[in-house]
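Residue numbers (this note's numbering): 776 to 1118.
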């Protein structure tokens, strides 16, 4: 099943619900003769509604946009499709996918690409969606990814599986919002990831597939949540190690980000736990969406260095991910693919 535009906006209901409730209560206040309270509620509701619209908006380099633009883009370039959740979607996290073409260009000593949604010398398509688990990628996202005829696909999914195992409340929300057939488990994560890899390698056997290890779950690397991340990352490695296709490999995203936390934040021993994400997002999302504040500038709120709200990546973390992806692309001979497609 291919997700439609409405489905793509699922999973970030808090701001939308605040906007609806504030609007209803504002009307009641007007009826009861309390115009000042109504005005305050209308401002709150408008801010919440605008924030919801911005953070649920599909990425500018999404698959549907790419397919509309594909025939206009010339000459052809290698295509990289990025599958994932909000850590890749780039609305409540750094949009690191747009940082890849300039890095590839610099490494090949090309001129820096002109601004645009799909930049030379590699077209990067962002097929991610906020809040989804590995099950939703398997059921809804693969067809639209393959429709872009990718030369490379990377999959960074599983943080919401871990969140659902860690938090019963988050689990109930994921099951209800995305109509999951069962509560996420590590066994289910392994099954879904295996099916994702099997489908991609069978449907597009020449495509290079990279599975990413998961970013830390909060910057306290010794926490219970990060023990779950370690288990999930071991599953990622085992799937790649046991797969028969030589087109499947691992991108060590998690390890590189952990290294940054060890170097810059003493292993995150004083960082906030992930259950503080929602209160932090309630403050940070409007500041970023409506006022343009950078994620880096707000990371101090979580006592972190790369996770601005304990879970999502700031600009520094996005730089790390973009570096890892660029290194992987060159390991997979993107320089040769670019040379071939130029002629």
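The C-beta atom is built at its ideal place from N, Cα and C for all residues, glycine as well.
Work out the CA separation of residue 1075 and residue 881 for me, nearest whole Å. 31 Å
Could you give the C-beta distance for residue 912 and residue 836, rounded to a whole number, given that I count them as a contact under 8 Å? Their Cβ separation, rounded to whole angstroms, is 18 Å, which puts residue 912 and residue 836 out of contact at 8 Å.
Span of the beta strand (DSSP E) around residue 983: 983-987
Within 10 angstroms of its Cβ, does residue 935 collect 16 or more other Cβ (buried), or is it exposed? buried
Status (buried if at least 16 other CB within 10 Å, exposed otherwise) for residue 1069: exposed
Go ahead and label residue 1067 buried or exposed: buried means 16 or more other beta carbons lie within 10 angstroms of its beta carbon, across all protein chains shown. exposed
Quick check on DSSP: helix, strand or coil for residue 867? coil
In three-state DSSP terms, what is residue 927? strand
What are the complete alpha helix (DSSP H) segments, minimum 4 residues, inside the segment 1031-1091? 1052-1066, 1070-1073
Check whether residue 1097 and residue 852 have beta carbons under 7 Å apart: no
Taking the alpha carbon of residue 929 as the reference point, which residue from 1015, 847, 1086, 866 has its own alpha carbon closest? 1015
8 Å contact criterion, which residue 1042 and residue 1036 should meet: CB distance rounded: 6 Å
Residue-level contact to chain C via CB, residue 1055, 7 Å cutoff: Among the chains of the structure shown, chain C does not appear; only one protein chain is present.
Using 10 angstroms around the beta-carbon of residue 831, count the other beta-carbons present and answer buried if the total reaches 16, otherwise exposed. buried
For residue 776 and residue 916, I'd like the C-alpha separation in whole angstroms. In this prediction, residue 776 has a pLDDT of 43, which is less than 50 and means its spatial position is unreliable; nothing more can be read from the coordinates.
Tell me whether the segment 795-812 and the segment 861-876 touch, counting them as touching only if at least three CB pairs, one residue from each stretch, are closer than 8 Å. no
What's the C-alpha gap between residue 969 and residue 1019? 12 Å
Return the residue from the list 998, 1114, 789, 1008 that minimises the CA-CA distance to residue 824. 789
Only counting the same chain, and skipping five residues up and downstream in sequence, which positions put a Cβ closer than 6 Å to that of residue 815? none
Is the segment 962-977 touching the segment 1042-1059, taking contact as three or more C-beta pairs under 8 Å? no
Cβ distance (whole Å) where residue 989 is taken to contact residue 1008 below 8 Å: 6 Å
Buried or exposed for residue 818, please, with buried defined as at least 16 other CB atoms from any protein chain shown within 10 angstroms of its CB. exposed
Can you list, in chain order, the residues of its chain with a C-beta nearer than 8 Å to that of residue 883? Leave out the 5 residues immediately preceding and following it. 896, 1110, 1113
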